[in-house]
Amino acid sequence: MNNIATHLQNFSFNPVPQASSASASASAYSDSWDHAAGLFNGIFDQLRAAFPASSNAFKTQADIDVFRQQWVRSFMENGITTMQQIDAGMRHARQQESPYLPSPGKFVSWCKDSCTVLGISTDDAMDEFHRYNRDRGMYSSPEKFNWSKPVLYWVVTDARQAMLQRCLSESEVETFITRKLSEWSKKVAAGEQIPDPVQMIESKSRPAAHQPSTNDYEYQYMPNAAHMGNVTPAQWLLEEYRRRKELGLKT
107 MNNIATHLQN
117 FSFNPVPQAS
127 SASASASAYS
137 DSWDHAAGLF
147 NGIFDQLRAA
157 FPASSNAFKT
167 QADIDVFRQQ
177 WVRSFMENGI
187 TTMQQIDAGM
197 RHARQQESPY
207 LPSPGKFVSW
217 CKDSCTVLGI
227 STDDAMDEFH
237 RYNRDRGMYS
247 SPEKFNWSKP
257 VLYWVVTDAR
267 QAMLQRCLSE
277 SEVETFITRK
287 LSEWSKKVAA
297 GEQIPDPVQM
307 IESKSRPAAH
317 QPSTNDYEYQ
327 YMPNAAHMGN
337 VTPAQWLLEE
347 YRRRKELGLK
357 T
């Protein structure tokens, strides 16, 4: 098996289309192949350790070549280009009970799974969503909240804003969060870094009750949830009711 590992490290069979009329295209294909091959070579020993039955899968040198080509092609065709994606796939691989190698397609699906890429499941994000809604009043801004992971700041605050603006149900919020996790997992898998929560420019909130003016006699609409700060819709409506009552307006 040491000979197999050595061969994989040194093997550079690169099936660049010989009939290609564009040398630049052929060069780009060659670079992509070499990159994907490098990713595969880097995890071959890990795959053998995670799936010991793979030792019996290679009888000849041709078996090794075909095996490697299929995996490298799968990486190229499915956009597996970063070590973050490979690491996510290997985390999933180490959880398997079967001693047999997965198919290239199965491994690719592990590389793209948001739970393995981000280390966060939809249930984890929903728990954080509920914790934030419960405790957010204790913090001066969402950025100051004690987030479990930076990505949850972006997922949960987007989910809360969508919930308030669209009156989403619990199941709809869960669907929204699942979609956001998938979007972030793709960004991370592509090599993008998750930014830390950043203090946004503070917008001055408009008090619901203030000194009477000509504008006070006009009906006021509830402001966008993004501008309400820590004021809940129920609190705003109560203040608006009191304001109109004090002015003798119809409530």
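Numbering of the sequence shown is given in this note's numbering, commencing with residue 107 and proceeding in unit increments.
Glycine is no exception: its CB is placed at the ideal position from the N, C-alpha and C atoms.
Check: Kindly indicate which residue of M182, F213 and W177 has the alpha-carbon position closest to the one of R197.; Outcome: F213
Check: Let me know if S291 comes out buried or exposed under the rule of 16 or more other beta-carbons within 10 Å of its beta-carbon.; Outcome: buried
Check: Could you tell me whether the region 275 to 290 touches the region 218 to 230, where touching means 3 or more Cβ pairs closer than 8 Å?; Outcome: yes
Check: Jot down the residue ranges of each uninterrupted beta strand (DSSP E) in the region 264 to 305, minimum 3 residues, whole runs only, in chain order.; Outcome: none
Check: Any idea if Q191 is buried or exposed, counting beta-carbon neighbours within 10 angstroms, 16 or more meaning buried?; Outcome: buried
Check: Give the C-beta separation of D264 and K286 to the nearest angstrom, bearing in mind that I take them to be a contact with Cβ-Cβ under 8 Å.; Outcome: 6 Å
Check: If you run the structure through DSSP and keep just helix, strand and coil, what is V178?; Outcome: helix
Check: In whole angstroms, what is the alpha-carbon distance linking H141 and A199?; Outcome: 22 Å
Check: Alpha carbon to alpha carbon, how far is H316 from L343?; Outcome: Residue placement at H316 is flagged as unreliable, the pLDDT there being 49, under the threshold of 50; a coordinate-derived value is accordingly withheld.
Check: CA-CA distance, R237 and P248?; Outcome: 12 Å
Check: Considering Cα atoms alone, identify which of K165, Q175 and F157 is closest to L145.; Outcome: Q175
Check: Are P256 and P205 closer than 8 Å when you measure CB to CB?; Outcome: no
Check: Taking N252 as part of the alpha helix (DSSP H), name the residues at either end of that continuous run.; Outcome: Premise fails: N252 is in no alpha helix (DSSP H) and is neither H nor E.
Check: What whole-angstrom Cβ distance do W216 and A231 have, given they're in contact under 8 Å?; Outcome: Contact flag wrong, Cβ pair sits at about 19 Å.
Check: Please work out which residues of its chain come closer than 6 Å, Cβ to Cβ, to V178, disregarding the five sequence neighbours upstream and downstream, and give them in chain order.; Outcome: A142, A143 and F146
Check: Could you check if Y259 is buried or exposed, using at least 16 other CB atoms within 10 Å of its CB as the buried criterion?; Outcome: buried
Check: Can you tell which of L270, K218 and L207 has its C-alpha closest to the C-alpha of V337?; Outcome: L270
Check: Quick check: what's the CA-CA separation for A296 versus L353?; Outcome: 58 Å
Check: Over what stretch of residues does the alpha helix (DSSP H) that includes G368 continue unbroken?; Outcome: Residue 368 is absent from the model: the chain starts at 107 and stops at 357.
Check: Please classify R348 as buried or exposed, where buried requires at least 16 neighbouring CB atoms within 10 angstroms.; Outcome: exposed
Check: Quick check on the DSSP output: the alpha helix (DSSP H) that includes G185 runs from which residue to which?; Outcome: Premise fails: G185 is in no alpha helix (DSSP H) and is neither H nor E.
Check: Compare the C-alpha of Q202 against each of A268, L153 and T284 and name the closest.; Outcome: L153
Check: Alpha carbon to alpha carbon, how far is E346 from D219? Give it in angstroms, no decimals.; Outcome: 47 Å
Check: In angstroms, rounded to a whole number, what distance separates the CA positions of P158 and E280?; Outcome: 39 Å
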